[in-house]
Structure formats: structure tokens, C-alpha cells
């Protein structure tokens, strides 16, 4: 027998007789790889380390239904007829827990370098391969991608195995992600009764296959393999009509079925954690008893938890289970397309099988967005028109923390401090108005803080004490050092307003991210027409930057007006909401660009009033608050329609947001 | 001058900590002692002024942090918790009894006098309330550690976070999230077991499912616990009394579980009649 070569006798594929399967494992191990593959454990097939072919689920198949999974013995010698494992490959490519930062001996926060094993994934299905590709595209995106995921994928060789059986919960044909194995594998196997057809796809795969000493597969063998997967396709059929589904789903945020599902849905997170494309994580902080050393780790999280939608001050974007279910389903089948240009669902059916109350997404989708329903109005533009900042942004390594010194601390109100930070870091000094930084202190959560002034040798951060992390920050004193990551996010498009009028509308702490806009507009005052600044606060005592605003009032080239919700004996100014300052003003807004920041409802009201004054939604800019945990579009917390608020925003035009700006619970 | 690495708490005095109990088995207090190595480090940083299981020192307060075990089941306890609350800055209930009433709250469905006369030869000597109720029914509670017993990891995290001045990492999510992170195969889906994991708060590390049995809900309901949703699913192939029995354990009196029990005919077993006795003469 000829060894060390694939002999293309009749086909391009090789044939590995069943009894020689161990040689594949040996070749992978010689390549320095730990083999992860399917095995039976706790009554199900899971993926874990395979030491021997006898670990494989030989002679097992799985029977699945909504909320039900049973293994059955077939008596067959086949190892890959089990269907799908409970666990997904994301357990290895995007693990449940990954260390992120530690506190170094100086008390500064430092990122942990990824340390990943060299592995082979054995037995990856067509849908699973599609899912790995989808996760990889998301987690490799952004300024630098997710370092841990990138390292893990680069260290993994993928041996895919074509499906020869399907389960009742499969619908990969509908999502066009299977059953055939498509791009992304290094080696593709198809299992026949007496062995495996073998295709080497990549040079790395060829190196392994070359060591197997296989003969070529016959036409009959290749034909039998193709017939098997074709039979799977026809068995699955087309259980979920996906044609136009993304648009149909987008049109029904108020469908009564969302509330009805919430009566059945337990919001238990199982669907998301078994989903092979769900990638959302949270950051968990730990510390020792002294609070001097700390560490953070990234942990799988889910949009079904209450904590996932929580932001500063215990406000929450998705308090209701109906909101959470809608968020998940519409992301998977609709906004995922807008955001990533692909399906968010690969039709593996795990969310159906592992739902403890058997909710079937296929059934729900057909009920909520039935095929043939009228095409929906599109509430947000299909392709996000991003990149409105002609001034190029500094390139930032999103994992890098920079130590900065606190040079000043000024109390603004009872609960708000402005910290002056000194730094010579070029990226931080190149921050733009509207951008934010993540601020780390040992043993504390890492909150996003918007930049409230950009100086030649430093930055100002204005911090409202709304929880322990911001309280600790607000207690910083001159001489302290902080660890900063950033600048992050898309800035206010000030350049786009050149030659026109400006309206700045701020509510409460919302004035902080607008202060650099005022600074820049004043520096370049000759480039703008009228500049109008409208500032609201809860009470006179809650006003920020009082001295500065008083100074601005004295200028004849600005209009500055203030209002408070509740006045008092010492307040001689106006009382009411901020929109009252301009709803009856004399100006018209055709040439106005508006920059708005404040609580959600205030921004919505301001946008309406600005629109009634003629300011175009494309020129009405708001900055959104979300739980920005990673700051670079990798943790999923701030996903909103087609956007990640941290990366694509936080500054958006009202036109870009469409009805995501106003739908409750989005 | 302070630096970022200067612990904030060195500027404060040592917190005074107490541990007290009402109607309970002392198991949660023992979890504190089970912290072993950490316990000494904690004792270095705080003054434990009241802790019956560990020290004969007694104190009536004031307490910076008071850990309260047990439910309120006698008139005397109902008075005492009010006094303790007044002497305490941060009151933390520990365990299912203190947070939900505990297993003894099953008597809340029963005829108190009938049970009492069955158990005690002279019930007139026994001063007890008709109900066993959680601490929060009597006074304001600042934080809760759940479980029967509480988790040593959560206790350690709570104390560490308090000392570090940060928010404790005690997620209000379903046990399912911990099962899935751990890679435990779902016993409800694979074996059809009754598992309260989807409606129960995490914190145990998915202990029971990891040993192949369903969660019996000892951490009590999580936020948005959809007891009715789970019960509807269970009722497909279980009797109402089996469904009620699953919820009628340590956290039976918590409103989300109580509603399921009531909707399924109350706690099963002859609680309203003569108490069933275990043992030779049963």
C-alpha cells in the first residue's frame, strides 16, 4: 500500500476505513492538538476531550422534541449519527469564563494575555460550522477583536462531519446553514457504514490527511455520502419560511403574541446559552478581603436576565420578560441581518430542545410574522450609515489600560464630581467630543464615563455617584491614579454642522458629554451661524458647570438658556422642562444641527420638539446610555437594532435610530 | 496621600458584625464557620460582637452588619427583630428561613392549634405564632443571602464586597445559567425530572443538577420567576398535588411559589388533618 499520499484514483477524496479511524486521532495528536469531540455523558452527547475512538458516541442517536431529549441505542457501528451535542463549540471557542484583567503590584489594572491550547474540533456539523463562522466574524470585528476568541480560533483545526441523520428540531435548511458542510472546515468527513470519505480543505488539513495513508474514495463511496446528506435535507424540508422574515418581524414590535409568550417563557436563559451564535457576556469583578487586589473575568450572560439591561442607578432597559424575548428573537432573525449581514440563527434547534417548557421558535415566528404578511415599513435604514466623523479617530487598542493621574477634583453638585486627569497618552489626548473611556479601579466594576473636556495635556471626567463604582471614582483625589481604556465610541459629528446653526440641548448630567462640543464650537466659532444652548436640571442645586454657563451667558455670539424642573426661593430663572426653552422660539431649524443628551424621555421629547421646529432627523443627534461593558461591540450588552451603542454610537442621529429610539423595552 | 491602591476601608473603623438566629436549624451560621481560612482573615478586619455558634460574647448592638438567620415564629421573636433592626445599619437575612419563612412556613397552611396539640402534650405552655414568616414581613431588609443552607462562596463574596466598598456579585438569574456555564446536562429535558432551576435564583453553582437531580428551589424565586409557566408545563404529565409538592419546600411561602401551591390545591399531605408521623408508630 502506498503511504503518505492521497491517491486520486477516481475522486478527489480519500477513504478512511472505519478500523483506521484511530489513525486520524493519532495524526491530530502528533500535530500537538488536544482533540475535542462528541461523547455520551449524563444521558446526552456532549463535546469534551476525546482520548480514544471508544470515547465517541458509537451506536447512539438522539430523539429530540420541544423540551425533550432522549438518547437511543441503534446497534450501529457509526460514531456520528448522534445528531447534535447539547453543548456547542462555543464552549471552546468562546468559553463560559475567561479572565480579563488583574490588578498589578502598583494597583493599576492590566489586561490578561490569552493563554489557549492547540486543539482539534472533531465532528463539527454544517450548522455548527456556520455558527462558528458567525461568531468569529463578530468577535474578530472592531478595533482589535476579542483577543481570547481570536487566539482560540487560530489554535483550532476543524474536522467537520456531514450529517447522515436529522432530528425533528432541525431547521438548518430554512436558515441556509446546512445540512451540508460549507466553508470553514480544515477537513470534512462523511461517515458510511464501513468508513469515512475524507476531504482535506486547507493546507493544515492536507498535512493531517496526508499522514493517514488513505486510498482514494470510489465514486460509489462519494455518491453514497452525497446521497446521505441529500436525504437529510429532504427529511428536514423547509419548516420555517424565512423569505422576508427579517422585514416581517421588524414590523411587529407591538404584536400581542410577545405578551402571550411571556406567560410561558421562564426567562431561564437556556435558549441563549445553548445557542451556538449567542455571544453575550458580562464582566464579573472579584477582589480579596483588602480590596487592594482584584480581578475581572468575562462570563457568559444572556439578554434574558434582568441584570443584562441594567444601567447606572439601577435603571433597566428591559424589565419585562416580553421585552427580553422580543429582544432575543428579533435579534436572531431580523436585526442580526442589519447588524452583521447574516442570519443570527443556524437552525440547529437547540433552543427548542433545551427550552424547559418547550417553546418552539419556528412556531412563534410563524405566529408573530406569518409568511405572506404585508412587507413592513422599514423603521431603520438597512445599512447603517456610519462613519460620520471626517476627522479620523485615533486607533485604540481596546484591551489596553493606560495609567493616568488625577490632578484636580471639583465638586459640581451633591452627587457629581469633575475629575481633571493628566496624561501624555497620544490616543487619550486625541479623544473627540462625545467619546467615552472605561475607568477601572482595583476591585471595582469598570463603568463607561463620557469625557467632559479635552485639554492639551489631559481630560476631564464628570462623574455622578449612582452606585459603588462611581462612588469610589467620585472619591478620587489629586494624586490618585486611575486606569483608563479608550477613547471609545463615535463622536458628535461637529464637522457636519459647519456653515449652519447649532442647537445644544442638555438635561442633567447630559451636559457633561456636550461640554466638549461647546468648547469646540467656541474654538471654531467663525464656522457656525447661530449657536443656541438649552440646559435643563432637576433643581437649581443640580446644575452643572454653573460658573462656566454664567460666563457663556455674557457672550453676545451665543444664546444660553437654563430651566429647572423644580425651582425654589433662590431661583429666579425659568421653571419647567427643557423643551419649553425652544418650543416657541423665533428660529426655524432648516439649517440647524442639534446635539441632545439627557434622560431617554427628555431626548425623545427634545427630538419631537426639534422636529416641529424644522430640524431634520438626520441632523438631530442624541447620545444613548446603555450597559457598555466591553466598550468595543464584543459583549453584546448594548446591542440596539442594527447597532452596538458603544461602538456604532453612543452618538446617533434620530434618523439612524428610527423607531428603536421610541419603542419601549428595546 | 491616597493612591488608587490604598484600601478605602482603612480610613474607617472596624465594622461591628453580629450573627443572630430565630426559628432555624443553625445550618447557615455553620456556613460562616465553614469559611475556615477566610474566617480568620475576616475576623482580623471586623469585630464579631455577637455570634452564638462561635463565641460566648453577647451584644445587643449597635451592629454595622447583622446577619439574621431563621423565620419569625413566636411573639417574642417578633418583638426582638424590631429591636435588633433599630440597632443595625445593614441587616442581611441569611438562608431560606429568614428570606422566605423556611420549611416551617408550611404550617401557615395548617391549623396551628390542631398541630400544636398533636405535637406537645401541654400546648398551653408553648408560645408560638400561627405562622412562620420571613424577616422582611416584620422589618426592612437591606440584603439577602439565599439558600438552604446559604452558599459559602456567596457569603465570602458578600463580605469581601462590603469590605471593598463595591457591589456584591450576586446575580439574580436562574439556576439554569449556572448549569449551562458548568456544562451540566439538563435533567429536566434529558430525564424529564421535576426541576425548579428555571424559576430559582442561582448562587449554589447548580449543585443538585450537577449530581443528577432536579433543583428543589432552596434559593427561592428569582426575579420574574414564572412559577405558573413552569407549573403549566409540569401539569402535562403530573398531578396537581405532585406540582404543589415540588414547590412546597423551603421557600414555599415566597409569593411566586405560594401562588403555584395554592393554585394546585395547597401543600399535599394531610397537613390540615392530623399530622402524619414518621417512625414505628406511624
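Protein chains in written order, with this note's numbering: chain A, -4 to 661; chain B, 146 to 427. For glycine and all other residues, C-beta sits at the position ideal for the given N, C-alpha and C.
1) Please give me, in chain order, every unbroken run of the alpha helix (DSSP H) with length at least 4 that falls completely inside the region 28 to 105 of chain A.
2) Kindly indicate if chain A contains any beta-carbon less than 7 Å away from that of residue 274/B.
3) From what residue to what residue does the beta strand (DSSP E) around residue 433/A run?
4) Given this structure, state the Cα-to-Cα distance separating residue 253/B from residue 244/B, to the nearest angstrom.
5) May I ask you to list, following chain order, the residues of the region 331 to 343 of chain B that have a beta carbon less than 9 Å from some beta carbon of chain A?
6) What does residue 317/B reach in chain A if we use C-beta pairs closer than 7 Å?
7) Determine, for residue 38/A, whether the minimum Cβ-Cβ distance to residues of chain B falls below 7 Å.
8) What is the residue span of the beta strand (DSSP E) that residue 479/A lies within?
9) Scan the region 280 to 298 of chain B for residues whose Cβ lies nearer than 7 Å to a Cβ of chain A and list them as they occur along the chain.
10) Tell me which same chain residues have a C-beta within less than 7 Å of the C-beta of residue 166/A, skipping the five on either side of it?
11) Look at residue 598/A and residue 443/A and say whether their C-beta atoms are less than 7 Å apart.
12) Please state the DSSP three-state secondary structure of residue 368/B.
13) Under a three-way DSSP split, which group does residue 159/B fall into?
14) Which chain A residues are close to residue 328/B, counting only those with a beta carbon under 7 Å from its beta carbon?
15) Taking Cβ-Cβ distances below 7 Å as the criterion, which residues of the region 295 to 326 of chain A are in contact with chain B?
16) Under the rule that 16 or more other beta-carbon atoms within 10 Å means buried, what is residue 709/A, buried or exposed?
17) For chain C, check one thing: does any of its Cβ atoms lie closer than 7 Å to the Cβ of residue 359/B?
18) With a floor of 4 residues, list each alpha helix (DSSP H) that falls wholly inside the region 94 to 175 of chain A, ordered by position along the chain.
19) Is residue 368/B close to chain A, meaning its C-beta is less than 7 Å from at least one C-beta of that chain?
20) In the DSSP output, which residue or residues are listed as bridge partners for residue 455/A?
21) Go ahead and pull the three-state DSSP assignment for residue 190/A.
22) Alpha carbon to alpha carbon, how far is residue 189/B from residue 284/A?
23) Roughly how many angstroms lie between the CA atoms of residue 187/A and residue 216/A, to the nearest whole one?
24) For residue 524/A, report the span of its alpha helix (DSSP H) as first-last.
25) Within 10 angstroms of its Cβ, does residue 384/B collect 16 or more other Cβ (buried), or is it exposed?
26) Please tell me whether residue 262/A has its Cβ less than 7 Å away from any Cβ of chain B.
27) At least one CB of chain A closer than 7 Å to the CB of residue 321/B: is that the case?
28) At least one CB of chain A closer than 7 Å to the CB of residue 371/B: is that the case?
29) Do you know whose CA, among 497/A, 17/A and 277/A, lies nearest residue 615/A's CA?
30) With which residues is residue 404/A paired in a DSSP beta bridge?
31) When the Cβ atoms of the region 234 to 249 of chain B are set against those of the region 284 to 302 of chain B, are three or more pairs found closer than 8 Å?
32) What residue range does the alpha helix (DSSP H) around residue 247/B cover?
33) Counting contacts by CB-CB distance shorter than 7 Å, is residue 459/A in contact with chain B?
34) Would you say residue 642/A lies against chain B (beta-carbon separation less than 7 Å)?
35) Tell me whether the beta-carbon of residue 655/A lies closer than 7 Å to the beta-carbon of residue 636/A.
36) Name the chain A residues whose beta carbon is nearer than 7 Å to that of residue 186/B?
Looking at the coordinates:
1) 85 to 88
2) For residue 274/B, the closest Cβ of chain A is not nearer than 7 Å.
3) 431 to 435
4) 15 Å
5) Answer set for the region 331 to 343 of chain B: 331, 332, 333, 334, 335, 336, 337, 340, 342 and 343.
6) Against chain A, a Cβ distance below 7 Å from residue 317/B picks out 301 and 302.
7) Closer than 7 Å to some Cβ of chain B, the Cβ of residue 38/A qualifies, so yes.
8) Judged by DSSP secondary structure, residue 479/A falls within the beta strand (DSSP E) whose first and last residues are 476 to 483.
9) none
10) Once the five neighbours on either side are set aside, the close Cβ partners of residue 166/A are 231, 234, 235, 342, 344 and 357.
11) no
12) coil
13) coil
14) What residue 328/B touches in chain A: 41, 82 and 86.
15) Those would be 295, 297, 300, 301, 302 and 316, in chain order.
16) Absent from the model: residue 709/A. The displayed extent of chain A is -4 to 661, so no value can be given.
17) Looking at the structure shown, chain C is missing, and the protein chains on hand are A and B.
18) 121 to 134, 142 to 149 and 167 to 170
19) yes
20) Partner(s): 415/A and 448/A.
21) strand
22) Those two C-alpha atoms are separated by around 10 Å.
23) Cα atoms of residue 187/A and residue 216/A: separation of roughly 8 Å, rounded to the nearest angstrom.
24) From DSSP, residue 524/A is part of no alpha helix (DSSP H); its letter is neither H nor E.
25) exposed
26) yes
27) When Cβ-Cβ separations below 7 Å define contact, residue 321/B makes contact with chain A.
28) yes
29) For residue 615/A, the nearest C-alpha among the options comes from 497/A.
30) 414/A
31) Under the three-pair Cβ rule at 8 Å, the region 234 to 249 of chain B counts as touching the region 284 to 302 of chain B.
32) Segment: none, residue 247/B is in no alpha helix (DSSP H) and carries neither H nor E.
33) no
34) no
35) yes
36) 284
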